[in-house]
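J.: Attaching a single structure in structure tokens format; questions to follow.
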Amino acid sequence: MIEALLELWDVLSRNALRTLLTGLSVAWGVFMLVVLLGAGNGLENGANWEFRDDAQNSVWIGGGKTSIPFAGRSPGRTILFKNQDFAEVARKVPGIEHFTGRYWLWGEFSVSYGSKRSAFSILGVHPDHRFLEKTLMVRGRYLDDNDQAEKRKVCVIGSKVREILFGSRDPVGEYVNIRGLAYKVVGEFEDIGGENELRKIYVPLSTAQLVYNQPEIIHQLIFTVGDATVDESKVMAEEVRAIVAKNHGFSVDDRRAVRMGNNLEQYTRITGVFRWIRIFVWVVGVGTLLAGIVGIGNIMLISVAERTKEIGVRKALGATPASIIRMVLGEALVLTGVSGYAGLVAGVGVVELVAARFPQAPFFRQPSVSLDVAVSATLLLVAAGALAGFFPAYRAARVNPVVALRSD
Amino acid sequence: MIRIEGIQKHYGRGEAAVRVLRDVSLRVETGELVSIMGSSGSGKSTLLNILGILDDYDQGAYYLDDKLIRNLSEREAAHYRNRLIGFVFQSFNLLGFKTAEENVALPLYYQGVARRTRNKLAREYLERVGLGARAGHLPSELSGGEKQRVAVARALITKPKLLLADEPTGALDTATSYQLMDLLREINAQGMTVVVVTHEHDIAEMTSRTIRLKDGRVAEPELAPA
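Chains D and F, in that order, are what the protein sequence lines are. For the record, in the first sequence the residue sitting at position 152 is 152 according to the working numbering, with numbers rising by one throughout. For the record, in the second sequence the residue sitting at position 156 is 156 according to the working numbering, with numbers rising by one throughout.
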């Protein structure tokens, strides 16, 4: 084995420049493949990052202003959802997985605990809000149905709120003062959405409505659609629109009466784009690699033709056809293997460098090359080397020593 | 050492077939130094290829060291070439990117001998042909006579039964040719069977017996030496 490698080295180093140039083409192919894959990966991670905070299969709907006359009512009316809308949607629209309303208390509210005081955002929500917002409980519990039903004055607070009001103390069971009313803290949460999310306080929607004297109003409805397809989610959204249109007396064609957003649709569209980018990357990368392989095969053919006489001499001295095949195939394999590996290392290096340099770029995050990709690229290389060497080796093994030795 | 009985060989098929060897029988005993002479087209190259197991034949029988050499697979042929025969060619056929020492060692590579061992042995054989000082040189740095001596060393390193030289002096001037023939005679004197193919009379005369080929036959009937 070592003997054979030393013999290969002899042959390869004899044509150092040619070996280098040929190797470069394969190295470039692998390099491109790896960099493109890493870049595609980074784009995809970046897109996922933009969606990270909220459920990717959610649909939200908020009140707007009517823009076309309907049933004798003039346009320009403000649409505000009511508890009845929530109840009806929950009852009538099939396929809803998690469902919550939202009641905003506009602006920041002064909140105090003992002598500590600061301003935070307060949001009235249903218990399911936890799933829509991907809230992670770190202490205590989230709001539950009893809180909602009994309009309890309880709240869950973001970890930033806890830090400011309680320091490192456990806030669960303590009472905070929100605009003059005492709320019992039942839980503390984390949220990957960033610091803004952690400065929020959630209270039961029913409590918020009561305390702020708007017992029927809900500002926004949000639900997740479970495993529904994009088309199914659109149908569900339209069903919701139809229900509130009927309740509030506006046309379902009035696009401004309510504002709607379908995260699933957007998410699916973007992931669809990325599927195509991935395919594109593989096609371009493998194509570049293939060009390198063809180059190697070509050079090996030339090399075999050039060395016909040498091969004849080797045969006369006792080289078996198998040893000739090993020699040529080995040359191709070593050439593709070494240069391909160099390309792989360079490519991964560039990807890692970019990842380290630009960790927070918008829509481009953590470009990386997974182990499977590295492994499959390596396997591809070995196959490529074998492919590049096969025809030249076959030709070399068939060299007739009588003819080869006669050629001068 | 060599026993050839009624060998026939043709190239091509049908009407275009050329009968190169019509009916060749000859014997070479162990330790002989024999030359095969003939003009071009006499079939001597073909005969040499058959003797060297580089080519097969159609009819007859070829025994080398009492082994029937016939219809061998490429692998077996390579094995016998490696073990039984040492070649010396007109155009030296040294590998240009290998030093004299590496060239001489090459047949041992195909026997699986370790590099260090074979290079040491190669140096010994180069010493024997008087080129010990040139072991590290590339063929391009050697004269014609030196190249042919390297080739002789390479042919001998496997301790073959038979040394086959195809026009070994064809590319050398007269003085160098005679020196090479002296070397071959010396090797023969040490017991090696040597067959030299040549078209030069003075070279043939330096061998102990000459076999003449003409039109694919042995010109004077080959008789067992007395």
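The beta-carbon is built from N, C-alpha and C at its ideal position, and this holds for glycine as well.
Scan the segment 130–148 of chain F for residues whose Cβ lies nearer than 7 Å to a Cβ of chain D and list them as they occur along the chain.
T.: none
J.: I'd like the span of the alpha helix (DSSP H) that includes L202 of chain F, first residue to last.
T.: By one-based count along the second sequence, residue 202 of chain F stands at place 202. Going by the sequence as given, residue 202 of chain F is Asp instead of Leu. Unbroken alpha helix (DSSP H) run through D202 of chain F: 201–205.
J.: Skipping 5 residues on each side, what residues in its chain have a beta carbon closer than 7 Å to that of T22 of chain D?
T.: Along the first sequence, read from residue 1 onward, the residue named residue 22 of chain D stands at position 22. Cβ neighbours of T22 of chain D beyond the five flanking positions: G295, I296, I299, L335.
J.: Counting only beta-carbon atoms, is N93 of chain F nearer than 8 Å to chain D?
T.: Taking the second sequence and counting its residues from 1, one reaches residue 93 of chain F at position 93. N93 of chain F counts as touching chain D.
J.: Based on Cα-Cα distance, which residue from D:L289, D:S323, D:T320, D:L17 lies nearest to G343 of chain D?
T.: By one-based count along the first sequence, residue 343 of chain D stands at place 343. Out of D:L289, D:S323, D:T320, D:L17, D:L289 has the C-alpha closest to the C-alpha of G343 of chain D.
J.: Who are the neighbours of E44 of chain D on chain F, taking C-beta pairs under 7 Å?
T.: Mapped onto the first sequence, residue 44 of chain D falls at position 44. Residues of chain F passing the Cβ test: none, with the nearest at roughly 50 Å.
J.: Measuring CA to CA, which of F:R13, F:H79, F:Y62, F:L94 is closest to R149 of chain F?
T.: Working through the second sequence from its first residue, we reach residue 149 of chain F at position 149. For R149 of chain F, the nearest C-alpha among the options comes from F:L94.
J.: Apply the 10 Å Cβ neighbour rule to F280 of chain D and answer buried if 16 or more other Cβ atoms are within range, or exposed otherwise.
T.: For the purposes of this step, residue 280 of chain D is taken as residue 280 along the first sequence, with counting starting at 1. Exposed.
J.: So, Y183 of chain D versus V161 of chain D, is the Cβ gap smaller than 8 Å?
T.: Locating residue 183 of chain D in the first sequence gives position 183, where the first residue counts as 1. Locating residue 161 of chain D in the first sequence gives position 161, where the first residue counts as 1. No.
J.: Would you please verify whether the beta carbon of L405 of chain D is less than 8 Å from any beta carbon of chain F?
T.: Within the first sequence, numbered from 1, the residue matching residue 405 of chain D stands at position 405. L405 of chain D counts as touching chain F.
J.: Would you list the one or two residues that DSSP bridges to A61 of chain F?
T.: For the purposes of this step, residue 61 of chain F is taken as residue 61 along the second sequence, with counting starting at 1. Answer is F:E5, bridged to A61 of chain F.
J.: Please identify, using Cβ separations under 7 Å, the residues of the segment 260–273 of chain D that lie next to chain F, in order along the chain.
T.: none
J.: Could you have a look at T288 of chain D and say whether DSSP puts it in helix, strand or coil?
T.: Taking the first residue of the first sequence as 1, we reach residue 288 of chain D at position 288. In the structure shown, T288 of chain D sits in a helix (DSSP, three-state: H, G or I).
J.: Please list the partners that N82 of chain F has in chain D, where partner means a Cβ-to-Cβ separation under 9 Å.
T.: Here residue 82 of chain F refers to the residue found at position 82 when the second sequence is read from its first residue. Neighbours of N82 of chain F on chain D, chain order: L317, G318, A319, T320.
J.: What is the rounded straight-line gap between the Cα of R365 of chain D and the Cα of D85 of chain D?
T.: Stepping through the first sequence from its first residue, residue 365 of chain D is reached at position 365. Stepping through the first sequence from its first residue, residue 85 of chain D is reached at position 85. Between R365 of chain D and D85 of chain D, the C-alpha separation is close to 40 Å.
J.: Quick one: is W28 of chain D buried, meaning 16 or more other Cβ sit within 10 Å of its Cβ, or exposed?
T.: The residue given as residue 28 of chain D occupies position 28 in the first sequence. Label assigned to W28 of chain D: buried.
J.: For S40 of chain F, does the count of other Cβ atoms within 10 angstroms reach 16, so buried, or fall short, so exposed?
T.: The residue labelled residue 40 of chain F in the question sits at position 40 within the second sequence. By the 10 Å Cβ count, S40 of chain F comes out exposed.
J.: So Q220 of chain D and G101 of chain D are in contact, right, with Cβ under 8 Å, and what is the actual spacing, rounded?
T.: For the purposes of this step, residue 220 of chain D is taken as residue 220 along the first sequence, with counting starting at 1. For the purposes of this step, residue 101 of chain D is taken as residue 101 along the first sequence, with counting starting at 1. Right, their Cβ atoms sit about 7 Å apart.
J.: Excluding the 5 residues preceding and the 5 following I243 of chain D in the sequence, name in chain order all residues of the same chain whose CB lies nearer than 8 Å to its CB.
T.: Looking up residue 243 of chain D in the first sequence gives position 243. D85, E88, V89, K92, V93, listed in sequence order.
J.: When the Cα atoms are used, what is the spatial distance from A226 of chain F to R209 of chain F?
T.: For the purposes of this step, residue 226 of chain F is taken as the residue at position 226 of the second sequence. For the purposes of this step, residue 209 of chain F is taken as the residue at position 209 of the second sequence. Caution is warranted here: a pLDDT of 41 is assigned to A226 of chain F, below 50, making its placement in the model unreliable, and the coordinate value is therefore given only provisionally. For A226 of chain F and R209 of chain F, the distance between alpha carbons rounds to 12 Å.
J.: What residue range is occupied by the uninterrupted beta strand (DSSP E) comprising G170 of chain F?
T.: Mapped onto the second sequence, residue 170 of chain F falls at position 170. Premise fails: G170 of chain F is in no beta strand (DSSP E) and is neither H nor E.
J.: What is the C-beta distance between L156 of chain F and G86 of chain F, in whole angstroms, given that I count them as a contact (C-beta under 8 Å)?
T.: Translated into the one-based positions of the second sequence, residue 156 of chain F becomes position 156. Translated into the one-based positions of the second sequence, residue 86 of chain F becomes position 86. With 8 Å as the limit, L156 of chain F and G86 of chain F qualify as a contact, their Cβ atoms being about 6 Å apart.
J.: Between the segment 2–34 of chain D and chain C, which residues of the former have CB atoms less than 8 Å from a CB of the latter, in chain order?
T.: No chain C appears in this structure, whose protein chains are D and F.
J.: Buried or exposed, going by whether 16 or more other CB atoms sit within 10 Å of the CB of A133 of chain F?
T.: One-based indexing of the second sequence puts residue 133 of chain F at position 133. Under this definition A133 of chain F is an exposed residue.
J.: Does H79 of chain F come within less than 8 Å of chain D when only Cβ atoms are used?
T.: Position 79 of the second sequence, counted from the start, is the residue given in the question as residue 79 of chain F. At least one chain D Cβ lies under 8 Å of H79 of chain F.
J.: Taking the alpha-carbon positions, what's the M32 of chain D to V338 of chain D distance?
T.: Taking the first residue of the first sequence as position 1, residue 32 of chain D is located at position 32. Taking the first residue of the first sequence as position 1, residue 338 of chain D is located at position 338. Roughly 16 Å separates the two Cα atoms.
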